[in-house]
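Down below is the structure, laid out as C-alpha cells.
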Amino acid sequence: MRLLVLLAWLHVAMGSNRVVVTFETNLIAAGVKSIENATIVKQYGRRLVLDLGRPVEMPEEWIWEAVGWFGVVTVEEDMFVDIEQMVYANEVTDVEYAHLALPFQWNLADSEPHSIHVEGIWRSTNSTPDMVVAVLDTGLALDANGLFLHLGDGFDFISDEDVALDGDGRDPDSTDPGDSGVDCPKASWHGTKVSSVLAARHRPEFKGIAQNITLLSIRVLGLCSKGYSNDVADAIVWASGLIARSRMLRVYAIKLTF
Numbered sequence: 004m005r006l007l008v009l010l011a012w013l014h015v016a017m018g019s020n021r022v023v024v025t026f027e028t029n030l031i032a033a034g035v036k037s038i039e040n041a042t043i044v045k046q047y048g049r050r051l052v053l054d055l056g057r058p059v060e061m062p063e064e065w066i067w068e069a070v071g072w073f074g075v076v077t078v079e080e081d082m083f084v085d086i087e088q089m090v091y092a093n094e095v096t097d098v099e100y101a102h103l104a105l106p107f108q109w110n111l112a113d114s115e116p117h118s119i120h121v122e123g124i125w126r127s128t129n130s131t132p133d134m135v136v137a138v139l140d141t142g143l144a145l146d147a148n149g150l151f152l153h154l155g156d157g158f159d160f161i162s163d164e165d166v167a168l169d170g171d172g173r174d175p176d177s178t179d180p181g182d183s184g185v186d187c188p189k190a191s192w193h194g195t196k197v198s199s200v201l202a203a204r205h206r207p208e209f210k211g212i213a214q215n216i217t218l219l220s221i222r223v224l225g226l227c228s229k230g231y232s233n234d235v236a237d238a239i240v241w242a243s244g245l246i247a248r249s250r251m252l253r254v255y256a257i258k259l260t261f
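When we follow the numbering used here, the leftmost residue of the sequence shown carries the number 4, and every step to the right adds one.
Here you go:
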C-alpha cells in the first residue's frame, strides 16, 4: 500500500486567541487543571488548547516562561486558516457536474498543450486501490459517496463545535454538512470538488484523474471553509500514521501564507 496526503491550499485567515501547549506525556497534560489568564479549551493526548481571551502575539513573554514549566515541550499559536482560492458552488450537483463536465475538462485532454495529458495514461493504467490518497479539506457531501469507486474510513478532526457545524467535535464521520454561515451564505463543498477532480469514477459527464485509488476523506475545515491549525496538524499526523501499513508516504499541496 502507498499513501499520499493531499491538503487544501491554506493561508492564515485571521489572528487567533488560542495556543497549543504540548507536554512530554499525556499524564502531565491531564494533570493541568487550570492556567492563570487562560481557559483550557480541550486536551488531546499530550496537548492542551488554551484560549487567552485576546489575540495572540507571538512570541509572547509568558510563552518563554511556559516552556520552562514542568513537562512542557512546545507552545505554538493555534492559527485560524482557510482555503486561499475559493470558487463557491450553489449546490452539490454543481460540484458533481458543472465543475467537472466534459468538454470543460481540457486540463486532462491529450489534445491540449497545457494539460496534464492523462488520457494517454488511462490506456495503460488508472491507478490502483493500493494507492491511498488522504484529502484534508471540508469533507465529502452526504450524497457524494457514489461518485467514488473506493472510499476508506475517514475522520472529522474539527474540535470546535461552532466551526464543525455538525453538532459535535471530533468523530469518525467526515461528512461535510455544508460550510455556509452569516459571512459565507453559500456552501463551498470544496472537499467534494477536490476529491472529485482527483478520483471521481469515470462517466460520460465527467472523469476523475485516478478513479481506482482509495480516497480517504479527512475533515479539517468547517464554517466558511476555515479551521484551526492544530486540527490540521493532528489530521496530518493521523493520516501519516497509516505509513505503518504503507511503503510510501508523500504530503503535497501544503502552503501557509502569512
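No residue lacks a Cβ here, since even glycine has one placed at the ideal position from N, Cα and C.
Opening and closing residue of the beta strand (DSSP E) in which residue i lies
| i | result |
| --- | --- |
| E115 | It is not in any beta strand (DSSP E) - E115 carries neither H nor E in the DSSP assignment. |
| A32 | First-last for A32: N29 to A33, but that is the alpha helix (DSSP H), not the beta strand (DSSP E). |
| D54 | R50 to D54 |
| Q46 | T42 to Y47 |
| S220 | T217 to R222 |
| R21 | R21 to F26 |
Contact belief for residue i with residue j at Cβ below 8 Å, rounded distance in angstroms
| i | j | result |
| --- | --- | --- |
| D140 | V223 | 7 Å |
| G225 | D182 | 6 Å |
| L143 | G194 | 6 Å |
Nearest-angstrom Cα separation, counted from residue j out to residue i
| i | j | result |
| --- | --- | --- |
| T28 | G123 | 52 Å |
| S199 | Q108 | 12 Å |
| T178 | P132 | 21 Å |
| D159 | G170 | 12 Å |
| N20 | V52 | 10 Å |
| G172 | E115 | 45 Å |
| F83 | N233 | 9 Å |
| H120 | V138 | 23 Å |
| T3 | D113 | The structure shown does not extend to residue 3, since the chain spans only 4 to 261, so no value can be given for it. |
| V23 | S243 | 20 Å |
| S162 | S127 | 43 Å |
| D186 | T42 | 27 Å |
| L30 | W72 | 15 Å |
| F151 | A33 | 41 Å |
| I216 | A167 | 27 Å |
| V50 | V35 | Residue identity check: residue 50 is Arg in the sequence provided, not Val. So the two alpha carbons sit approximately 11 Å from each other. |
| W192 | L145 | 11 Å |
| Q46 | T25 | 10 Å |
| A190 | G74 | 42 Å |
| A147 | I38 | 44 Å |
| N237 | S130 | It is Asp, not Asn, that sits at residue 237 in the sequence shown. So the alpha carbons of these two residues sit roughly 28 Å apart. |
| P188 | W241 | 32 Å |
| V44 | D81 | 12 Å |
| M134 | A203 | 15 Å |
| D54 | N40 | 9 Å |
| I212 | V235 | 25 Å |
| Q214 | N110 | 16 Å |
Under the three-state DSSP convention, the category residue i falls into
| i | result |
| --- | --- |
| V15 | Reliability of the predicted coordinates at V15 is poor, the pLDDT of 48 falling under 50, and the value obtained from them is presented with this limitation in mind. In the structure shown, V15 sits in a strand (DSSP, three-state: E or B). |
| I124 | helix |
| T141 | coil |
| D182 | coil |
| D159 | strand |
| L226 | helix |
| L150 | helix |
Start and end residues, alpha helix (DSSP H) containing residue i
| i | result |
| --- | --- |
| A167 | E164 to A167 |
| G74 | No alpha helix (DSSP H) holds G74; DSSP gives it neither H nor E. |
| S199 | H193 to A202 |
| I239 | S232 to S243 |
Within-8 Å CB hit, residue i to chain C
| i | result |
| --- | --- |
| D85 | No chain C is part of this structure, which consists of one protein chain only. |
Contact test: residue i Cβ vs the ligand ATP heavy atom, cutoff 7 Å
| i | result |
| --- | --- |
| F26 | The ligand ATP is not among the ligands present in this structure, which contains no ligands whatsoever. |
contact_flag[the stretch 204-211, the stretch 226-245] where n(CB pairs < 8 Å) is 3 or more: no
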